[in-house]
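The structure appears below as structure tokens.
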Amino acid sequence: MQAQSIHQKYLKKAGLIAMVTVLGMAPPLSTDMYMPSLPKMAEYFDALPALVNMTMVAFFVFMSIGMLIMGPLSDRSGRKKVLIVSLLLYLVSSVFCALTFNVYFMILMRIVQGIGAGGMVSLSIAIIKDCFEGQTRATALAVVQSMSVIAPIAAPVIGALIIQVSTWRTVFIVLAAIAAVCLIAAFFFEESIHEDEINQGGVIDSLKRIGVVGKNINFSAFLLAVSFYSAPFMAYLAVASYVYEDYFGLMPTMFSVFFAINALTSVFGPLLYMKLNNRITAKATMRALLIIGFAAAFAMFLFGKLSPVVFLMTMIPFSIANSYQRPFSTNLLLDQVQGDTGSASALLNFMHTLLGSIGMFIGSLPWSSYIGGISCTMFVFVALALLTWIYVCKSKKIKMKNV
């Protein structure tokens, strides 16, 4: 099937990109937006912070599970049906989160919300593969990735503003409203895979397709290589506040400035991809990403402790490179599959989430210096990415345009 044959009569191109962009923003909106409310929630529920934090942990765990279920299921039952189900789960659970008076019920609803969010994220990439190709697909991926970088910056600020004028419940009402808008768009969304490709199989049959995609060693190896590259950035996110506030002694307001600068510069990654796509080869791109990764690791290890400005300057190149590799690698990985797009999208998002979680865990270990911890994490994971990339190049089986 040619992706360009899909015509969205009602949403049009702009509306479709807007919808999938919001779908891809589900994770940061669902977590970062209510993070400022956690202390208030612990006080309201009269619960230990660790128990309230389970609302965050449960969401991430079941979002990963939702990716692995909803993505393959959309290959069997169609994108539109699974998208509507995912959005309904997210919408209803958000409403119950806003209404709950019990922390355990809140955790349960966050589990349901996570499953819905997993479907939203997986389908956002699958729909892009279905509906766009070539440079148009690259542009769509870059736009979606740019907004996924901006969302973690804006979400905590919006959440903080909400609790200043209202309560934590309003945060979940806002999330429900966002889901409602997407749900309306989903009803106008025209199925993006042909009827003869849709099979009314069960969940078990759908999950088996993940194994089929995963057995493509070259797909899995390249996915692992770029996912390795994502882990150090998540390690940085996990301990950035400790670096700036505890080590350098900055006030929280100044920390937010430094954090925002780094996050905003990350937007240049997808923008550069839009400019450079089809101008440089995939191999040259990977070489550049790996060189930047190693250079940033050594620079941070040698000079990162000198001042917060120097630490920021050593992190910015890696942040830009990391945000560049997401649309680059996603576009290349989508080229490796003709069918099972939902399964491929599920694996893609799941692997980034898994490696990112590992990166956050390693970065949060009791290092003698978190700066040294980030730089060591960066070096090790970039080295793993290099070794995996060498295997991909030697196999010569992955399809790379403009190699």
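Quick note on the working numbering: the sequence shown kicks off at 9 and runs consecutively.
For glycine and all other residues, C-beta sits at the position ideal for the given N, C-alpha and C.
All of these numbers come straight from a predicted model, not from anything done at the bench.
- Item | Separation of residue 19 from residue 76, as counted between CA atoms | 27 Å
- CA-CA distance, residue 311 and residue 298? 20 Å
- At 4 residues or longer, and completely inside the region 33–85: list those alpha helix (DSSP H) runs for me, N to C. 34–39, 46–53 and 57–85
- Query: Between the region 129–139 and the region 349–365, are three or more C-beta pairs nearer than 8 Å?
  - Reply: yes
- Task: Can you give me the Cβ contacts of residue 59 inside the same chain, cut-off strictly under 7 Å, excluding the 5 residues immediately before and after it?
- Result: 111
- How would you write the range of the alpha helix (DSSP H) that residue 231 sits in, first residue to last? 225–249
- Item | 7 Å Cβ shell around residue 293 - same chain, five flanking residues per side excluded | 336
- Task: Starting from the C-beta of residue 363, find all residues in its chain whose C-beta is less than 7 Å away, skip the five residues before and the five after it, and write them out in chain order.
- Result: 235, 236, 238 and 239
- Would residue 333 count as contacting chain B if we go by Cβ distances under 8 Å? Among the protein chains of the structure shown there is no chain B, as only one such chain exists.
- Task: Within the region 137–188, note down every full alpha helix (DSSP H) run reaching 4 residues or more, in order along the chain.
- Result: 142–173
- If you run the structure through DSSP and keep just helix, strand and coil, what is residue 397? helix
- Query: For the candidate residues 357, 381 and 125, whose alpha-carbon lies nearest to that of residue 245?
  - Reply: 381
- Is the beta carbon of residue 412 sitting closer than 8 Å to the one on residue 153? What the structure shows of the chain is the stretch from 9 to 411, and residue 412 is not part of that stretch, so it cannot be assessed.
- Is there contact between the region 152–166 and the region 268–277, where contact requires at least three CB pairs shorter than 8 Å? yes
- Message: Judging by CA-CA distance, which residue of 175, 383 and 353 is the nearest neighbour of residue 339?
- Response: 353
- Query: When burial is assigned at 16 or more other CB atoms within 10 Å of the CB, is residue 261 buried or exposed?
  - Reply: exposed
- the region 218–235 in contact with the region 365–372 per 3-pair CB rule at 8 Å: no
- Query: So residue 124 packs on residue 73, CB below 8 Å; how close in whole Å?
  - Reply: 11 Å between Cβ atoms; not a contact.
- Do the region 251–268 and the region 386–393 meet, that is, are 3 or more Cβ pairs less than 8 Å apart? no
- Query: If you draw a straight line from the C-alpha of residue 101 to the C-alpha of residue 403, how long is it?
  - Reply: 46 Å
- How about residue 218 and residue 45: are their beta carbons less than 8 Å apart? no
- Item | Collapsed DSSP secondary structure at residue 315 in the structure displayed | coil
- Sequence-distant residues of its chain with Cβ nearer than 6 Å to residue 285 (five each side left out): 146
- Task: Excluding the 5 residues preceding and the 5 following residue 29 in the sequence, name in chain order all residues of the same chain whose CB lies nearer than 6 Å to its CB.
- Result: 152 and 155
- From what residue to what residue does the alpha helix (DSSP H) around residue 357 run? 349–371
- Does the Cβ-Cβ distance between residue 229 and residue 399 come in under 8 Å? yes
- Sort 342, 197, 309 and 288 by Cα distance to residue 322 and report the nearest one. 309
- Item | Three-state secondary structure (DSSP) of residue 29 | helix
- Item | C-beta atoms of residue 96 and residue 191 nearer than 8 Å | yes
- Return the CA-CA distance between residue 78 and residue 186, expressed in angstroms with no decimal places. 20 Å
- Look at the alpha carbon of residue 162 and the alpha carbon of residue 32, and state the distance between them as a whole number of angstroms. 15 Å
- By Cβ distance below 6 Å, which residues in the same chain neighbour residue 16 in space, the five residues on each side in sequence not counted? 24 and 198
- Going by Cα to Cα distance, which pick from 84, 104, 327 and 342 is closest to residue 138? 342
- Task: Please report how far the alpha carbon of residue 83 lies from the alpha carbon of residue 53, in whole angstroms.
- Result: 41 Å
- Query: Just the Cα atoms here: how many angstroms apart are residue 176 and residue 121?
  - Reply: 16 Å
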